[in-house]
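Its first residue numbered 32, the sequence shown is counted upward by one per residue in my numbering.
What follows is a set of notes on a single structure, which appears directly below.
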Amino acid sequence: MLMRSDPFREFDRLTDQLSGNARLPVMPMDAYKQGDEFLVHFDLPGVESSSIDLTVEKNVLTVSAERAWQRENGIDVIAAERPQGKFSRQLFLGDGLDVDHVEAGYDNGVLTIRIPVADQAKPRRVEVSSGGDAKQIEASTA
Numbered sequence: 032m033l034m035r036s037d038p039f040r041e042f043d044r045l046t047d048q049l050s051g052n053a054r055l056p057v058m059p060m061d062a063y064k065q066g067d068e069f070l071v072h073f074d075l076p077g078v079e080s081s082s083i084d085l086t087v088e089k090n091v092l093t094v095s096a097e098r099a100w101q102r103e104n105g106i107d108v109i110a111a112e113r114p115q116g117k118f119s120r121q122l123f124l125g126d127g128l129d130v131d132h133v134e135a136g137y138d139n140g141v142l143t144i145r146i147p148v149a150d151q152a153k154p155r156r157v158e159v160s161s162g163g164d165a166k167q168i169e170a171s172t173a
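Structural data, given as structure tokens:
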């Protein structure tokens, strides 16, 4: 059976608010590199894709979203523990990423962002000549 209210949990929540330790809604994420791109997955279950906003300014990627539950008249809420409201998270991108070609997709409550590695950050071959012999060595600008 669901409890209508838990006085101990309510006391903890109020104590956290008064002490400044109240937690803001978070967007859990995983980030990893695969080949020549970085992938970032954000968990956003229950969020409408139209409420997701993704911006890149300089080297800062900002993800914002909103989850809202429209309560109808006559509903008697027993428990409301899922975070509601606005969520926002910023990622600081390195200079070696191509911020002009960021792609994003939203499927099954997961926002996936693909950030390619910039061409100038990829390893390239540089010819080294000495007298009459030309040799190639691998160099990286990163």
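For every residue, glycine included, the Cβ atom is placed at its ideal position computed from N, Cα and C.
Spatially closest choice to residue i from the options, by CA coordinates
i	options	result
aspartate 138	Ser80, Phe69, Val130	Ser80
valine 148	Leu70, Met58, Gly136, Leu49	Leu70
valine 130	Leu85, Phe42, Val78, Ala99	Leu85
arginine 120	Gly127, Arg145, Leu92	Leu92
leucine 75	Ile146, Val94, Gly66	Val94
valine 57	Ala111, Lys64, Gly116	Gly116
alanine 99	Phe123, Ala111, Lys89, Gly105	Ala111
valine 133	Gly77, Asn90, Asp61	Asn90
glutamine 65	Gly140, Ile109, Val108, Arg145	Arg145
aspartate 61	Ser160, Val159, Leu142, Glu158	Leu142
glutamate 68	Phe118, Ser82, Leu128	Leu128
Sheet register partners of residue i (DSSP bridge)
i	result
histidine 132	Paired residue(s): none; histidine 132 is not in a bridge.
threonine 46	In DSSP, threonine 46 forms no bridge with anything.
isoleucine 106	None; isoleucine 106 has no bridge partner.
phenylalanine 118	Ala96
aspartate 150	None; aspartate 150 has no bridge partner.
With 16 other Cβ atoms within 10 Å as the buried cut-off, status of residue i
i	result
glutamine 151	exposed
phenylalanine 39	exposed
methionine 34	Low per-residue confidence applies at methionine 34: pLDDT is 44, beneath 50, and the placement is therefore not dependable enough to give any value.
leucine 45	exposed
phenylalanine 73	buried
valine 78	buried
- Task: Write down every uninterrupted run of the alpha helix (DSSP H) in the stretch 69-93 whose length is 4 residues or greater and which is fully enclosed by it, in chain order.
- Result: none
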